[in-house]
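Undergrad: The structure is given below, and queries will be raised subsequently.
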Amino acid sequence: MAQAHGTPPPRADPGQPCVFKLVLLGSGSVGKSSLALRYVKDDFRSILPTVGCAFFTKVVEVGASSLKLEIWDTAGQEKFHSVCHLYFRGANAALLVYDVTKKESFHKAQQWLRDLEKEFRPGEVVVMLVGNKIDLSEEREVTFEEGKEFAESNRLLFMETSAKLNHQVSEAFSAVARELSQRGGGEGQAPGRDAAVVLNEGPTRRARCCAH
Amino acid sequence: MEAGGDTAAPAPGVVEDLEDMRIPSEQTEDHGGVHPGPPDPEDGGLEETGSTAKDQPPSLSPLPQSEAPSSTCQLWGPGAPESSPMGSPESGSGGQGGDPTDEDWRSQRKHVFVLSEAGKPIYSRYGSVEALSATMGVMTALVSFVQSAGDAIRAIYAEDHKLVFLQQGPLLLVAVSRTPQSAAQLRGELLAVHAQIVSTLTRASVARIFAHKQNYDLRRLLAGSERTLDRLLDSVEQDPGALLLGAVRCVPLARPMRDALGALLRRCTAPGLALSVLAVGGRLITAAQERNVLAECRLDPADLQLLLDWVGAPAFAAGEAWAPVCLPRFNPDGFFYAYVARLDAMPVCLLLLGTQRETFHAMAACRRLVEDGMRALGAMRALGEAVSFSNAPSGNAPAYSVQAVGAPGLRHFLYKPLDIPDHHRQLPQFTSPELEAPYSREEERQRLSDLYHRLHARLHSASRPLRLIYHVAEKETLLAWVTSKFELYTCLSPLVTKAGAILVVTKLLRWVRKEEDRLFIRYPPKYSTPPATSADQAPHNGLFTGL
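What follows is the structure in structure tokens.
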């Protein structure tokens, strides 16, 4: 569908950063929105559960080039999964977020990884495992080693963060951005592409959901 | 906390008729608006299951008064043994986590529960749902017992408590209240709660889930929506109007600006866009409905109110959101897709409701158009004043203080015009000033809300509707008046005389007439356009046929 619009000379215009789509996945209240908000607006507040998906953009400098991240912050709640799956598609990167004080959210992140693997060929997306809320060290249920081990065995990037204390948040996103640009941004979205392109990919498969 | 005016004792103030007011109305004595004696016929007894004697109120509530002999319990349900937490509160030992025995929990004025037909708890306004399984079991038993006789339970009146039941598909909603709200008002609240649930899940999927698995725990799917329900129920007590009057509140705005914004919304379109709404803090600025998508279907005000409450949620504070939402009155079984964004980092919120699930980016582009247009109009500044009202009240600010009326002694009012032209009737509106001192604290707002509810119940009583009520309460005097042109509730200082009250109301009416164009959307964009030809309707939209 990328051909849908006429003239996409990839990376031709140095002024236009390459666009990458990044999704935040994970169970409810692990801090996905907080990470996004901290990263994009350097803000932290207690937020209510995300409704559907929230969308942010941020331009990141990686070395000499800059790239634009389109961040899709998805709702952790089960009821929104039908819409959120939609935003898997065309994603270039995913942050699998879990809460280090909740073992279950760690298992859930592993589940999300399996879901991702169903939709993408190996290596097609950059995946980072993120253990959030390390400021709550006393309540920790998932150790750094556990997270690291799982990430390594699945060849994921890994980082532990605290959106509240602004610890390692932009580092995590930057690491993903670096990885994306190293993997050859040419495969990423064409600069200045029409926004509808990603979403038009394979609308047929989801259409049945409307028939509720 | 015991709010004043909550008990059944008549208010201490002298209650009189408003004889000298030159209004052709039935003048009825109003004993403080409460019915200490026999309840109003429509308010009385068990509405449909009238077999039980009225003067023997069943004491089934989990609240303090339930120590009363529970003979009716036996009469009511074999499924409700006396040892249940409802029947015998003394069985609990303090607050050992068991909610129904907890004093705080029991002292709440109004409880709202949602449970599944199988008795599985889904939502409780107070306390944790887990602790309430037994209580909910009793409610289910009550409902199914009456059902087994081929009847449906609607309400139980027990001393100062009202228990209102509402069955909606596989969901059972129950309100247990000792506020002065009438059963009809409580039912309206339960309907709004149900609509809220349907808006996130759709009626069809709720039905499907329970058809598939009767004891499904719906809380899994509703996670995150509880706060929305809490907010909805809080608003009834803290800022009454919308639900009570079945109308939306508009941001006061000069008519040329509003018209320009309406025209702007109509200009900015996107594929599948059905409805665009501009709102601020749960109040409507303007809305435009796409004729080719929503052709003959009018948007129900309840749906619009639901959307306004929804986009006012703090969850939408950051970024651009894209979420499915169902409009229960329009089509309880289908989803729309909503794009929600705050404009220019302001509390002004744009909602674009579309029928296609993959049009986020088109909607985002549409939003940029709206934003540019608003900037060109200088609308942000005009609306900015609406938002900053609480800090800096200014004469022509879109939100307004009651002072603006210039009627000393007037503290607050709700005004709903009824004389709007016929083809505008689909957008019922009301206006009210900000709640200011002495109604700045929770208890005071609750008291005012109670009084408004009480007067509203009297005006709209099915058996003895009134046109005019002059009510002297303990801390304020109220005057409620319904004519063919408007419905009005005023709250006045307690020291006002009847003549003074008339003067104030006259002044207020004159002021409203003068400000009409600013206070209300007199000509709602596209609402006013009668559907052109039904031929150009969009039949491609599976949403409307997907029943």
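Residue numbers (full-length UniProt numbering), protein chains in the order written: chain A, 1 to 212; chain B, 1 to 547. The beta-carbon is built from N, C-alpha and C at its ideal position, and this holds for glycine as well.
1) Would you give the residue range spanned by the alpha helix (DSSP H) that B/C366 belongs to?
2) Under DSSP, the alpha helix (DSSP H) around A/L116 begins and ends at which residues?
3) Are the C-beta of A/F20 and some C-beta of chain B separated by less than 9 Å?
4) Counting only Cβ pairs nearer than 9 Å, list the residues of chain B close to A/E78.
5) If you follow the alpha helix (DSSP H) that B/K514 is part of, which residue opens it and which one closes it?
6) What residues match up with A/W72 in a beta bridge as DSSP calls it?
7) Along chain A, which residues have their Cβ under 9 Å away from the Cβ of B/L201?
8) Return no unless some Cβ of chain A is closer than 9 Å to the Cβ of B/A314.
9) So which residues of chain B does A/L48 contact, with C-beta pairs closer than 8 Å?
10) With DSSP collapsed to three states, give me the class of B/A313.
11) Under DSSP, the alpha helix (DSSP H) around B/S276 begins and ends at which residues?
12) Looking at the strands, I want to know which residues DSSP matches up with A/D42.
13) Run through DSSP, which three-state label would B/D104 get?
14) What does DSSP give as the partner residue(s) for A/N132 in the beta ladder?
15) Can you check which of these residues, A/L113, A/H167, A/V59 and A/V100, is closest to A/V125 by C-alpha distance?
16) For chain B, check one thing: does any of its Cβ atoms lie closer than 9 Å to the Cβ of A/D135?
17) If you compare alpha carbons, which of A/E117, A/V97, A/E138 and A/R155 is closest to A/G131?
18) Look at the alpha carbon of B/H361 and the alpha carbon of B/Q196, and state the distance between them as a whole number of angstroms.
19) Going straight from the alpha carbon of B/C349 to that of B/L343, what length do you get?
20) Taking only beta-carbon atoms, is A/K68 less than 9 Å away from chain B?
21) Could you confirm whether any beta carbon from chain A is found closer than 9 Å to the beta carbon of B/A282?
22) Please report whether the beta-carbon of A/D42 lies at a distance below 9 Å from any beta-carbon of chain B.
23) Go to B/Q185, then tell me how far its alpha helix (DSSP H) extends in each direction, as first and last residue.
24) In terms of residue numbering, what span does the beta strand (DSSP E) encompassing B/E320 cover?
25) So, is the C-beta of B/F360 closer than 9 Å to a C-beta in chain A?
26) In the DSSP output, what is B/P417 paired with across the bridge?
27) B/V146 to B/V174, Cα distance in whole Å?
28) List, in order along the chain, the chain A residues whose C-beta lies closer than 8 Å to that of residue 553 of chain B?
29) Grab the span of the alpha helix (DSSP H) containing B/H460 for me, first residue to last.
30) Beta-carbon within less than 6 Å of B/P271's beta-carbon, same chain only, minus the 5 sequence neighbours each way: which residues are those?
31) Report the CB separation of A/Q110 from A/F150 in whole angstroms; it is logged as a contact under 8 Å.
32) Taking the beta carbon of B/D309 as the centre, do at least 16 other beta carbons fall within 10 Å, making it buried, or is it exposed?
33) With 16 as the cutoff for other CB atoms within 10 Å, does B/A211 come out buried or exposed?
34) Looking at chain A, is there any beta carbon in it that lies within less than 9 Å of the beta carbon of B/A211?
35) Beta carbon of B/S276, beta carbon of B/A263: below 9 Å?
TA: Inspection of the coordinates gives the following:
1) F360 to L377
2) K103 to E119
3) no
4) R220, L221 and A223
5) K498 to L519
6) A/V23 and A/F55
7) K79
8) As written in the sequence, residue 314 of chain B is Pro, which differs from the Ala given in the question. Chain A, which has a Cβ nearer than 9 Å to the Cβ of B/P314, makes this yes.
9) G224, R227, A313, P314 and A315
10) coil
11) Segment L273 to V280 is the beta strand (DSSP E) holding B/S276; no alpha helix (DSSP H) there.
12) For A/D42, which the question treats as bridged, DSSP gives no partner whatsoever.
13) helix
14) A/D99
15) A/L113
16) no
17) A/V97
18) 27 Å
19) 6 Å
20) no
21) The sequence as given places Gly at residue 282 of chain B; Ala does not occur at that position. Chain A contact via Cβ: absent.
22) no
23) A183 to L201
24) E320 to V325
25) yes
26) B/F486
27) 15 Å
28) The structure shown does not extend to residue 553 of chain B, since chain B is modelled only from 1 through 547, so no value can be given for it.
29) It is not in any alpha helix (DSSP H) - B/H460 carries neither H nor E in the DSSP assignment.
30) T359 and A362
31) 7 Å
32) buried
33) exposed
34) no
35) no
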